[in-house]
Amino acid sequence: MAIWAIGDVHGCRDRLEDLWRRLGPGRDDTVIFLGDLIDRGPDPAGVIRFVRERSAEARVVALRGNHEDLCLTWHRTRDPADRDLWMGNKGYTTLESYGFAPGDPDAAVPAGDLRFLEAMPLWHREGEVVFVHAGLRPGVPLERQDPHDLLWIRDEFYGAPEAFSHPVVFGHTPFRGVFRRGPLVGIDTGAVYGGKLTAYEPFEDRVVQV
């Protein structure tokens, strides 16, 4: 029984399909996506569809990233400022992947996929290992973490590995290779920027990249 975490996909469906084939997960395996399935890359809609369909093959846990949160905030508020913030973070690539023209005022993520995004948890734990999109605020219990930190924190988290007594696997901040500092492991290796898409098995310390 393997437990794999996959870093930020950002719309790179072809890379994700290749990585999934390499992993070959089965019904007894768990695959945890660390958030940011959408935006920036060429096929966010295809990535969402692929991840939703994989629940028939393995136990799939898809965490919320800051990009999913930006998307959900705008769909909830319809505030032009929220739309501008999402679009400024390449949200338009997600809408265009659903076939909408740039600037289409009626563009929106379909209801079924939106419900999938809304259901994404902010963190997941397997044994002593915590999986999260961005990281944790040092000194704050997991259950009391601020959602903004879970989605956005950077150096205040990974710059303080001594604050954590348990492993934390995270994405969000792109590194040129797998980031290891004490019990912290960062696996956003910049797939959408020409880097690798990374999967990591923390209990066996295995890395697979495409």
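Each residue of the sequence shown is one higher than the one before, starting from 11 at the first, in my numbering.
Using N, Cα and C, we set each Cβ at its ideal position, and we do this for glycine too.
These numbers come from a predicted model, not from an experiment.
Can you find the residues in the same chain that come closer than 6 Å, C-beta to C-beta, to residue i, ignoring five residues on each side of it along the sequence?
i	result
G169	none
W84	D92, R93, W96
Along the alpha helix (DSSP H) that carries residue i, what are the first and last residues, could you check?
i	result
L80	76–87
R93	90–98
Y102	102–107
F167	165–168
Quick check on the burial criterion: 16 or more other C-beta atoms within 10 angstroms. Buried or exposed for residue i?
i	result
T87	exposed
S107	buried
V150	exposed
G223	There is simply no residue 223 to check, as the chain begins at 11 and stops at 220 in what is shown.
Y203	exposed
F180	buried
H176	exposed
Could you pull the start and end residues of the beta strand (DSSP E) that residue i belongs to?
i	result
A72	69–72
H134	133–136
L194	194–196
E211	208–211
Counting only the same chain and skipping the five closest in sequence on each side, list residues whose C-beta sits under 8 Å from that of residue i.
i	result
F189	Y168, T183, V195, G196, I197
Taking 7 Å as the limit between beta carbons, can you name the residues of its chain near residue i, skipping five residues before and five after?
i	result
L124	H85
R23	D53, G56, V57, F60
What residues match up with residue i in a beta bridge as DSSP calls it?
i	result
W14	V41
V218	A209
Inspect the CB distances between the region 140–152 and the region 70–79 and report whether three or more fall short of 8 Å. yes
Three or more C-beta pairs below 8 Å linking the region 18–38 and the region 158–167: no
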